[in-house]
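Notes to accompany the following structure.
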Amino acid sequence: MKRIILLTFMVAGIISASAQNQSIYDFKVETIDGKTFDFSTLKGKKIMIVNTASKCGLTPQYEELEKLYSDFGAGGDFVILGFPANNFMNQEPGTNEEIQVFCSENYGVTFPMMSKISVKGKDIHPLYKWLTTKELNGVKDSEVTWNFQKYLIDEKGNLFEVIPPREKPTSEKVLNWITSR
Numbered sequence: 099m100k101r102i103i104l105l106t107f108m109v110a111g112i113i114s115a116s117a118q119n120q121s122i123y124d125f126k127v128e129t130i131d132g133k134t135f136d137f138s139t140l141k142g143k144k145i146m147i148v149n150t151a152s153k154c155g156l157t158p159q160y161e162e163l164e165k166l167y168s169d170f171g172a173g174g175d176f177v178i179l180g181f182p183a184n185n186f187m188n189q190e191p192g193t194n195e196e197i198q199v200f201c202s203e204n205y206g207v208t209f210p211m212m213s214k215i216s217v218k219g220k221d222i223h224p225l226y227k228w229l230t231t232k233e234l235n236g237v238k239d240s241e242v243t244w245n246f247q248k249y250l251i252d253e254k255g256n257l258f259e260v261i262p263p264r265e266k267p268t269s270e271k272v273l274n275w276i277t278s279r
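In the numbering used here, the protein residues as written are 99 to 279.
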């Protein structure tokens with residue numbers, strides 16, 4: 099009986115340790131146009147992950163996100179990844195194609211947009227499960243509270259900070275993080 103209990107604790111410890119060893123670079127997602135995007139291609143870059151919506155009071159943040167991307171993403175050391183999500187008051191009802199057209203025509207978005215996903219609830223996407231669960235990301239638990247919540251990932255693939263939805267993408271905190279070495 100003692101062996102079974104010991105074995106159970108050992109297996110639980112191994113599972114827990116492997117969960118904490120998961121990295122952002124282990125994820126692959128689908129782009130808004132249906133291609134596979136591999137996070138391992140972003141090693142050495144700072145990453146901002148943001149859940150987006152087209153019919154939200156915060157939707158104008160697309161403009162600031164695009165400015166941030168054009169100012170700092172051109173050098174290749176910083177990237178923004180947009181993840182459309184319809185988790186809050188049906189504010190992203192469109193298809194991937196409709197979202198892509200909306201972003202391009204209204205905000206000139208050039209940063210990579212991913213396929214529409216769920217960022218909370220029973221159908222949460224595995225990436226967002228990692229972003230919001232300390233046991234998985236090794237840093238902190240969080241909850242996506244609204245559209246345009248930003249997750250900052252450092253050059254080593256570690257969760258660095260969660261930026262609330264109403265905080266502008268070009269806030270001093272974000273700019274200082276992007277420009278710090």
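Here a beta-carbon is modelled for each residue, glycine too, at the ideal position from N, C-alpha and C. Being a predicted model, the structure only gives us computed values, none of them experimental.
| Quick one: complete beta strand (DSSP E) runs, 3+ long, within the stretch 131-213? | 134-136, 144-150, 176-182
| query | To which residues does DSSP link Y249 through a beta bridge? | reply | I147, V260
| request: Could you spell out the range, first to last residue, of the beta strand (DSSP E) harbouring K126? | output: 126-128
| message | Does P191 pass the burial test, meaning 16 or more other C-beta atoms within 10 Å, or should it be called exposed? | response | exposed
| Based on Cα-Cα distance, which residue from D136, T268, E128 lies nearest to N194? | E128
| Do the stretch 126-143 and the stretch 235-249 touch if we need at least three Cβ pairs shorter than 8 Å? | no
| Nearest residue (CA-CA) to L175, options K133, D239, G255 | Per the sequence shown, residue 175 should be read as Asp rather than Leu. The option with the nearest alpha carbon to D175 is G255.
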